[in-house]
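Novice: Quick one: the structure is below, questions incoming.
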Amino acid sequence: MRHSFIYSALFTTALATSFTATAGTNLEPVFVTATRTPLTVNSALAATTVLTRRDIELSQANSLPELLTGKSGIDMSISGGYGKQSTLSLRGTNTNHTLFLIDGVNIGSATNGSTAFQHIPLELVEQIEIVRGPRSSLYGSQAIGGVINVITRKGSKNTRGHLSASSGSEDTYELNSGISGSTGNAELSLNASIFKTEGIDANVKRNADNDAYENRSFNASFTDKVSDKLEFGLNLLHVQAHSDYDGYTASKTYMSETQQNILNSNIKTFLTNNWDSSLHVSASRDEESHYTDNVFSDQFDTSRVKTSWQNDIHLDKNVITLGYEHIQEKIDSSSTFTQTSRIKKAAFAEIQSQFSSQDLVVSLRQENDESFGHHKTGNIDWRYTLNENYSISAAYGTAFNSPTFNDLYFPFTDYSFPPYFYYSFVGNPDLLPEESSSTELGFRFIQDDWKLDIRLYKTTITNLINLSGYIDGGDPETKINIGKASIDGIETALSTVIADWDIQLNIDLLDPVDTSTDKVLRRRAKQVGSLAVDRNFGSYSIGATVSASGRKYDDNENTDEIAGHGRTDIRTTLKLDKNLMLKAKIDNLFDREYQTTKDYNSLGKMIFVSMHLSFE
């Protein structure tokens, strides 16, 4: 198994390296997630993908899971169409090993550890920053596989606005609007989105009906440069989603109601020419309720209040960052948990340094969690620039993932339905955090329009939290620290322009193994890739994306196989004038039937047309 992986990795590296040859221009978006300070993508040492507003519009994606599918390091699993439960594996890690942020604010459920990112409307998003590899030294729990930070739309100096409407297969429609502008030194923005679809039959073995989905969301942003020494910002996001799903009883209807609310404030002071200090205070709430035949069945809500104080000191070619965070999590549930709140406190430090032809970033974090005590994590990233085109890099980092409230404190619950099956579960308050260490080697080539980035990595996870197993009539099932995983991987990302065609190629090969059984980790494909091509002809553009994934297993024993698949999407845009555009796309052009989650359907051929109006 390991030998075949190494041979495939070496072949892919050689193949990708052979592409490095000609010329053009590089766009350099600025992002903050890798170091918590502004960087350009090419200057970052961490493996990074930044999707700008232009990238989002060019893709014509209808959802965040659709947009992230095929991106470097990501393996996506979707349980049946728009708005349905979506999970992703970043560099072969568990879905709860990826930290999701919105404008730097932690989101997601503290009860089950998941993030319902499928509900975040792309129309409210300005930029998505994906950092692959451990980042607990800056962000704490969950950042074993990496961090995905969704940046919402902000205000602008000039007044501008947009309206769009789209319609497509499965009775799907979307309406979006937004306006931004300024008054004095203050910039404001307000955006709203409505998405609705009759959906498809999500599960092939349950309730044979279409499972509808509806999303109504808005965000508002206000920033004010009060003076040369003081800036103030305030962001608000509200997401409300309704989703039908397939339950176990065919004669019943099942649906969930979800809300995500974030209020985030920021005060930034420039104490000296070299020292700026930022205070972030945020409140977020994740709510999810379930109904059977329109009768309430259960509810799991999470609220977080986070205070973060960060100081950045610029000294010649060095940036020193010092910070402190305080996070309070509370849950409110229809189930009676033995503990319903916990506090996390953390101090972190980072130094970014440049000397000669080398770059170095070192970061450390000390975190204290009420549930399990103190935890230390660290990262070191190094790069040596051989010349203006070539560089090599190395990195090492440790990370951890705290047990969830379900893992620790879930009350004893009997799910038995005799004589069909017997099952009960209870939390385990003695659980320890999952821990990881990761090593990475990188090679980068940049010349004009050509950019090639190759990363080889190895991640080892210990204290992996698994189910204890259940025997009919025995003790209730619980969570225990028995698992250990080893993940070897290689990422190859190539972008270039050939004959005016923009080309993006991603190839991921990995060997994700449960070392106690030598089985492939659940829901991880060993091969994932995508190829996107786009060309602008002035008044119109065309493009296509081909994505593919190898087989994976939906169980830990590797007996329940999910077949590999590939699909092709095509798109076009017609610009009627500077303010009006028409767009059209066909997803899954060849109407392939495939699954990314066992027994859950994926969307077939989907046709969409849309109109976009902008004004300034």
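Residue 177 is where the sequence shown starts when you use the working numbering, and the numbers rise one by one after that. Beta carbons are placed, not taken as given, at the ideal position from N, Cα and C, and that holds for glycine.
Going by DSSP in three states, Asp545 sits in which element: helix, strand or coil?
Specialist: Stepping through the sequence shown from its first residue, residue 545 is reached at position 369. Correct three-state label for Asp545: strand.
Novice: Rounding to the nearest angstrom, what Cα-Cα distance links Leu234 and Lys260 in this structure?
Specialist: The count along the sequence shown starts at 1 and reaches residue 234 at position 58. The count along the sequence shown starts at 1 and reaches residue 260 at position 84. Taking the straight line joining both Cα atoms gives about 24 Å.
Novice: What is the DSSP secondary structure of Asp422, counted as helix, strand or coil?
Specialist: Mapped onto the sequence shown, residue 422 falls at position 246. The answer is coil: DSSP assigns Asp422 none of H, G, I, E or B.
Novice: Please find out if some non-hydrogen atom of the ligand NAP comes closer than 7 Å to the beta-carbon of Ser533.
Specialist: What this structure holds is no ligand at all, so the ligand NAP is not there to describe.
Novice: Keeping to the same chain, check which residues put their C-beta closer than 6 Å to that of Arg382; ignore five residues upstream and five downstream.
Specialist: Indexing the sequence shown from 1 puts residue 382 at position 206. Excluding positions up to five away in sequence, the list reads Asp422.
Novice: Give a yes or no on whether the C-beta atoms belonging to Gly618 and Ile568 are separated by under 8 Å.
Specialist: Residue numbering aside, residue 618 sits at position 442 when the sequence shown is read from its first letter. Residue numbering aside, residue 568 sits at position 392 when the sequence shown is read from its first letter. Closer than 8 Å, so yes.
Novice: Which residues in the same chain as Ile355 place their Cβ atom closer than 7 Å to its Cβ, once the five residues preceding and following it in sequence are excluded?
Specialist: By one-based count along the sequence shown, residue 355 stands at place 179. Excluding sequence neighbours, Ile355 sits near Gly337 and Leu366.
Novice: Can you tell me which of Gly375, Lys330, Asn361 and Ser358 puts its alpha carbon nearest to the alpha carbon of Asp347?
Specialist: On the sequence shown, position 171 is the one that residue 347 refers to. When only C-alpha atoms are compared, the closest one is Gly375.
Novice: Identify which residue in Ile738, Asn325, Thr211 and Ile320 has its Cα closest to the Cα of Asn487.
Specialist: Residue 487 sits at position 311 when you count from the first residue of the sequence shown. Cα-wise, what sits closest to Asn487 is Thr211.
Novice: How is the beta strand (DSSP E) around Arg336 delimited, first residue to last?
Specialist: The residue you call residue 336 lines up with position 160 of the sequence shown. First-last of the beta strand (DSSP E) with Arg336: Arg336 to Gly344.
Novice: Terminal residues of the continuous beta strand (DSSP E) containing Phe524?
Specialist: Within the sequence shown, the letter at position 348 stands for residue 524. Looking at the DSSP string, the run of the beta strand (DSSP E) that includes Phe524 is Ser517 to Phe531.
Novice: So the alpha helix (DSSP H) Pro241 belongs to, where does it begin and stop?
Specialist: As a first step, residue 241 must be located in the sequence shown, where it is residue number 65. Pro241 -> alpha helix (DSSP H) spans Leu240 to Leu244.
Novice: Quick one: what's Gly322 bridged to in DSSP?
Specialist: Counting from one through the sequence shown, the residue named residue 322 turns up at place 146. The partner list for Gly322 (beta bridge, DSSP) reads Thr274 and Arg308.
Novice: With three or more C-beta pairs closer than 8 Å as the rule, is the region 444-454 touching the region 476-493?
Specialist: They touch, by the three-pair rule.
Novice: Can you give me the start and stop residues for the alpha helix (DSSP H) that Asp684 sits inside?
Specialist: Position 508 of the sequence shown, counted from the first residue, corresponds to residue 684. First-last for Asp684: Trp677 to Asp690, but that is the beta strand (DSSP E), not the alpha helix (DSSP H).
Novice: Look up Gln294 in the DSSP assignment and say whether it is helix, strand or coil.
Specialist: As a position in the sequence shown, residue 294 is number 118, starting the count at 1. Helix.
Novice: Over the uninterrupted beta strand (DSSP E) stretch that includes Ser369, give me the two end residues.
Specialist: As a working mapping, residue 369 is identified with position 193 in the sequence shown. First-last of the beta strand (DSSP E) with Ser369: Ala362 to Thr373.
Novice: Asp462 bridges to which residues according to DSSP?
Specialist: Walking along the sequence shown from the start, residue 462 turns up at place 286. DSSP output for Asp462 lists Gln436 and Thr478 as bridge partner(s).
Novice: Please work out which residues of its chain come closer than 8 Å, Cβ to Cβ, to Ser332, disregarding the five sequence neighbours upstream and downstream, and give them in chain order.
Specialist: For the purposes of this step, residue 332 is identified with residue 156 of the sequence shown, where counting begins at 1. Here the set comprises Ser356, Gly357, Ser358, Glu363 and Ser365.
Novice: Beta-carbon separation of Ser578 and Ser614 under 8 Å?
Specialist: The residue labelled residue 578 in the question sits at position 402 within the sequence shown. The residue labelled residue 614 in the question sits at position 438 within the sequence shown. Going by C-beta atoms, Ser578 is not nearer than 8 Å to Ser614.
Novice: Under 7 Å Cβ to Cβ from Lys405, same chain only, skipping five residues before and after it: list those, please.
Specialist: The residue labelled residue 405 in the question sits at position 229 within the sequence shown. Thr445 and Phe446, listed in sequence order.
Novice: Arg230: buried (16+ other C-beta within 10 angstroms of its C-beta) or exposed?
Specialist: On the sequence shown, residue 230 is found 54 positions in, with the first residue counted as 1. Exposed is the call here.
Novice: Taking the beta strand (DSSP E) that Arg230 belongs to, which residues open and close that run?
Specialist: By 1-based counting over the sequence shown, the position of residue 230 is 54. Per DSSP, Arg230 belongs to no beta strand (DSSP E); it is in the alpha helix (DSSP H), Arg229 to Ser235.
Novice: Could you pull the DSSP bridge partners for Leu560 from this structure?
Specialist: Working through the sequence shown from its first residue, we reach residue 560 at position 384. Checking the sequence, you will find Tyr at residue 560 rather than Leu. Tyr560 pairs with Gln534 and Ile568.
Novice: Taking buried to mean at least 16 other C-beta atoms within 10 Å of its own C-beta, is Pro605 buried or exposed?
Specialist: Along the sequence shown, one-based indexing puts residue 605 at 429. Pro605 comes out exposed.
Novice: Drop a sphere of 10 angstroms on the beta-carbon of Lys728, count the other beta-carbons inside from all chains shown, and report buried for 16 or more, exposed for fewer.
Specialist: One-based indexing of the sequence shown puts residue 728 at position 552. Classification of Lys728: buried, given that the 10 Å Cβ count is 16 or more.
Novice: How is Asn282 classed by DSSP in three states: helix, strand or coil?
Specialist: What you label residue 282 is simply residue 106 of the sequence shown in a count that begins at 1. DSSP places Asn282 in strand when its eight states are reduced to three.
Novice: Assign Asp251 to buried or exposed, taking buried as 16 or more other Cβ atoms, counted over all protein chains shown, within 10 Å of its Cβ.
Specialist: Numbered from 1 along the sequence shown, position 75 holds the residue referred to as residue 251. So Asp251 counts as buried.
Novice: Roughly how many angstroms separate the alpha carbons of Glu302 and Tyr599, rounded to a whole number?
Specialist: The residue labelled residue 302 in the question sits at position 126 within the sequence shown. The residue labelled residue 599 in the question sits at position 423 within the sequence shown. Approximately 45 Å between the Cα atoms of the pair.
Novice: Following the continuous alpha helix (DSSP H) through Phe581, name the residue where it begins and the one where it ends.
Specialist: What you label residue 581 is simply residue 405 of the sequence shown in a count that begins at 1. First-last of the alpha helix (DSSP H) with Phe581: Phe581 to Tyr585.
Novice: Identify whether Leu314 lies in helix, strand or coil by the three-state DSSP scheme.
Specialist: Translated into positions along the sequence shown, residue 314 becomes position 138. DSSP places Leu314 in helix when its eight states are reduced to three.
Novice: Can you check whether the CB of Arg711 is closer than 8 Å to the CB of Asp664?
Specialist: Within the sequence shown, the letter at position 488 stands for residue 664. Within the sequence shown, the letter at position 535 stands for residue 711. In this structure, Arg711 does not lie closer than 8 Å to Asp664 by Cβ.
Novice: Under the assumption that Leu339 contacts Leu789 (Cβ atoms under 8 Å), give the Cβ distance between them as a whole number of angstroms.
Specialist: Taking the sequence shown and counting its residues from 1, the one referred to as residue 339 is at position 163. Taking the sequence shown and counting its residues from 1, the one referred to as residue 789 is at position 613. Contact flag correct, Cβ pair sits at about 5 Å.
Novice: If His418 sits next to Met431, beta carbons under 8 Å apart, how far is it from one beta carbon to the other, in whole angstroms?
Specialist: As a first step, residue 418 must be located in the sequence shown, where it is residue number 242. As a first step, residue 431 must be located in the sequence shown, where it is residue number 255. The Cβ separation is near 7 Å, so the contact holds.
Novice: Is the CB-CB distance between Pro310 and Ser662 below 8 Å?
Specialist: If you number the sequence shown from 1, residue 310 lands on position 134. If you number the sequence shown from 1, residue 662 lands on position 486. No. Outside cutoff.
Novice: Would you call the region 212-222 and the region 284-301 in contact, with 3 or more CB pairs under 8 Å?
Specialist: Judged by Cβ distances under 8 Å, the region 212-222 makes no contact with the region 284-301, as fewer than three pairs qualify.
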